[in-house]
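Worksheet for the structure shown next.
Residue numbers (my numbering), protein chains in the order written: chain A, 3 to 481; chain B, 646 to 800.
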């Protein structure tokens, strides 16, 4: 019987993700996958409610991306009620969304990816956290991070109408316009966010790109996968976070499909595995061939790397320059979040400076009978789908969401497996297993049952190495 | 003493909301010098709220599965480990956020108390706590309110 290794955060009190690695009789990795606890009953919870409640309910699903859920939900309602928001309303939504993307990417780089690359992949676990990052980049830089994050959040709070969970999106537009006074503040925040993004890119260049060891890890084979990529693009095939068509490119970068939100079910199907309640979306046009790489496998990826690969570049000038630079040096990896951070900041500034943003015409009142609506936006971690069906009174009868992490579910399993294969040979588990598997996992920044907040609020890991009778013979634990 | 009560949780995940429910009940007493905020965010976002207060009381849910639902624990910040290499960006916990705030020179409350309530279910969508937890809420509200009042009373 195969040996089993479990990386299990069993000490996390409410229990989050669990990584399982199975070894074959020779002690080599046979299969690895990620399991997450199920959040039950969202469909049941939603059905029977008025569809207009969804932009207020769905942000509560996720403590990380409430703004993105609010945007996808708002767009789904536009579609459901057959109403197009006036241009100023679209711009206000995109402004809020840009502020959110910039905030989230800032957090990700400094607090999540930062510990790996700023502090160093080989640094002791105790130092690989934000405090270690601050130690390395300095207190002033730390204050910059906190300051810009707070000001970006302030835009979301002011325009979104509420701290944390925005409530501004209505079918056909938004609930309030932008005042002249607030606009001045947003312009200043936009300018400072652009400067901050340049600072983050410079820090990345100095600390990471100039360090051969880090670059080797980044471009090395251990994390490399060849899959399809998906992301929203504008009419010029440039990255767009709020609107546009969904574009899919093949592993060589050639366009495979480009479709409207409404057509998503023609292109995406979901594969079911007996060991997981997560469904694994795949491209219908290619088919499900298992957890494998390559052009013949329908596995696709979303998130920053995928967005950049699925597009022909960035729609703002400074981000485009950085995009080209990054591709030259790294072949696209992994500072894509910083390129996107710069894009989000530039886009925020563009929208704040646009005179139309002050136009009080921010809503078209819906008059059609509601039936079915689909809203798609880019969340920081990838493409997010909201799909609602209602009766003629707007009462929900069917709700389907595909969140970013679910799109990536198959490739997360593949990445973990690949990292584990490199580090477990004939039953011998290399020292760095936990770090490297964690890094593979963390690159996706998966949202796992992310809506729960119970203490202690972090995710310890435990690796249990089991013999053929599933008895634990060795345990590696990290709190 | 300028006090902030932070009710932490997700309002649509059954017992995950218990911290918010308890905090909202305490708010009804309009205790002097006490402000109540409910939040669904954790980690770094907490810094936005807590600066400039002298005392911070966090009310949250916990799932140890060792005690019956509704059991109230009083914890110190030190009882919660710091986040080391977290596996996702919102993995930063309260303690790390507070330490970061202190390191960056923000005025962080001197006194930090954490009340954690043992829960039964935080994975099912629902706007109400499970009966076992719900029953205990009035008693928990009383207990925490008494502690706040007695600690605030002039000696």
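Glycine included, every Cβ here is placed at the ideal spot set by N, Cα and C.
* Asked: Taking only beta-carbon atoms, is residue 748/B less than 8 Å away from chain A?
  -> By this cut-off, residue 748/B is an interface position.
* In the DSSP assignment, find the alpha helix (DSSP H) that holds residue 278/A and state where it starts and stops. => Secondary structure note for residue 278/A: it is in no alpha helix (DSSP H), with a DSSP letter that is neither H nor E.
* Own chain partners of residue 397/A with C-beta closer than 8 Å, once the 5 adjacent residues on each side are dropped -> Counting only Cβ-Cβ distances below 8 Å, and skipping sequence neighbours, we find 50, 51, 52, 53.
* For residue 261/A, does the three-state DSSP call read helix, strand or coil? -> It is a strand residue.
* Opposing strand residues paired with residue 283/A [DSSP bridges] -> Residue 283/A pairs with 272/A.
* To do: For the region 688–756 of chain B, list the alpha helix (DSSP H) runs that are entirely contained and at least 4 residues long, ordered along the chain.
  => You should have 691–695, 739–748.
* Inter-residue spacing [alpha-carbon to alpha-carbon] between residue 416/A and residue 68/A -> If you take the alpha carbons of residue 416/A and residue 68/A, they lie about 28 Å apart.
* **Alpha-carbon spacing of residue 789/B relative to residue 125/A, whole angstroms** => Distance between the alpha carbons of residue 789/B and residue 125/A is about 42 Å.
* residue 239/A to residue 315/A, Cα distance in whole Å? -> Their backbone Cα atoms lie some 7 Å apart in a straight line.
* Where does the unbroken alpha helix (DSSP H) through residue 482/A begin, and where does it stop? -> The shown model of chain A, from 3 to 481, leaves out residue 482/A, and the question about it has no answer.
* DSSP three-state call for residue 237/A: helix, strand or coil? -> Note: residue 237/A maps to coil in three-state DSSP.
* Roughly how many angstroms separate the alpha carbons of residue 43/A and residue 770/B, rounded to a whole number? -> Distance between the alpha carbons of residue 43/A and residue 770/B is about 6 Å.
* To do: Can you tell me the Cβ-Cβ gap for residue 88/A and residue 274/A, rounded? I've got them flagged as a contact below 8 Å.
  => The Cβ separation is near 42 Å, so there is no contact.
* 7 Å Cβ cut-off: residues of chain B touching residue 62/A -> In chain order: 655, 656, 657, 685.
* Asked: Whose Cβ in chain B lies nearer than 8 Å to the Cβ of residue 140/A?
  -> For the C-beta of residue 140/A, not a single chain B residue is nearer than 8 Å; the gap to the nearest is close to 11 Å.
* Asked: Any residues in the region 691–702 of chain B with a beta carbon nearer than 8 Å to a beta carbon of chain A? Which ones, in chain order?
  -> Residues are counted here when their Cβ sits less than 8 Å from a Cβ of chain A; for the region 691–702 of chain B these are 692, 693, given in chain order.
* Asked: Once you ignore the five residues that flank residue 311/A on each side, which residues in its own chain have a CB closer than 7 Å to its CB?
  -> Here the set comprises 231, 251, 255, 334.
* Pick helix, strand or coil for residue 458/A, following the three-state DSSP scheme. => Any reading at residue 458/A must be qualified, since the residue scores a pLDDT of 43, below 50, and its modelled position is unreliable; the value itself is stated next. Here residue 458/A sits in coil by DSSP.
* Asked: Is DSSP giving residue 446/A helix, strand or coil here?
  -> The three-state secondary structure of residue 446/A, taken from DSSP, is coil.
* **Under 8 Å between C-beta atoms of residue 704/B and residue 653/B** => One thing to note: residue 704/B has its Cβ within 8 Å of the Cβ of residue 653/B.
* Does any residue of chain A bring its CB to less than 8 Å from the CB of residue 651/B? -> Not an interface residue.
* **8 Å Cβ cutoff, residue 109/A in contact with chain B** => Yes - at least one Cβ of chain B is within 8 Å of the one on residue 109/A.
* Asked: Should the region 282–298 of chain A be called in touch with the region 253–271 of chain A, which here means at least 3 C-beta pairs below 8 Å?
  -> Cβ pair count under 8 Å is three or more, so yes.
* Using a C-beta to C-beta distance shorter than 9 Å, which residues of chain A count as neighbours of residue 788/B? -> Chain A residues near residue 788/B: none, gap ~18 Å exceeds 9 Å.
* Would you list the residues sitting across from residue 404/A in a DSSP beta bridge? => The bridge partners DSSP lists for residue 404/A are 387/A.
* Asked: For the beta strand (DSSP E) that contains residue 377/A, what are its first and last residues?
  -> DSSP places residue 377/A inside the beta strand (DSSP E), whose first and last residues are 374–381.
* Is residue 14/A helix, strand or coil by DSSP? -> Low confidence applies here, because residue 14/A scores a pLDDT of 26, under 50, leaving its location unreliable; read the following figure in that light. Correct three-state label for residue 14/A: coil.
* Do residue 680/B and residue 669/B come within 8 Å of each other at the CB atom, strictly closer than that value? -> Not closer than 8 Å, so no.
* Asked: residue 306/A: which of 106/A, 83/A, 30/A sits nearest, CA to CA?
  -> It is 106/A whose Cα lies nearest to the Cα of residue 306/A.
* To do: Could you tell me the distance, in whole angstroms, from the CA atom of residue 185/A to the CA atom of residue 101/A?
  => Their Cα atoms are separated by approximately 13 Å.
* beta strand (DSSP E) segment containing residue 682/B, residue limits -> 679–684 is the span of the beta strand (DSSP E), which, as asked, contains residue 682/B.
* residue 248/A - containing beta strand (DSSP E), residue span -> Element bounds for residue 248/A: 247–251.
* Asked: residue 95/A CB to nearest chain B CB: under 8 Å?
  -> No, no contact with chain B.
* **Cα-Cα separation, residue 56/A to residue 393/A** => Each residue's alpha carbon lies about 15 Å from the other.
* Hey, could you find the ends of the beta strand (DSSP E) residue 63/A is sitting in? => In the DSSP assignment, residue 63/A falls outside any beta strand (DSSP E) and carries neither an H nor an E.
* Asked: Does the Cβ of residue 367/A have 16 or more other Cβ atoms within 10 Å, making it buried, or fewer, making it exposed?
  -> Around the Cβ of residue 367/A, a 10 Å sphere holds fewer than 16 other Cβ atoms; the residue is exposed.
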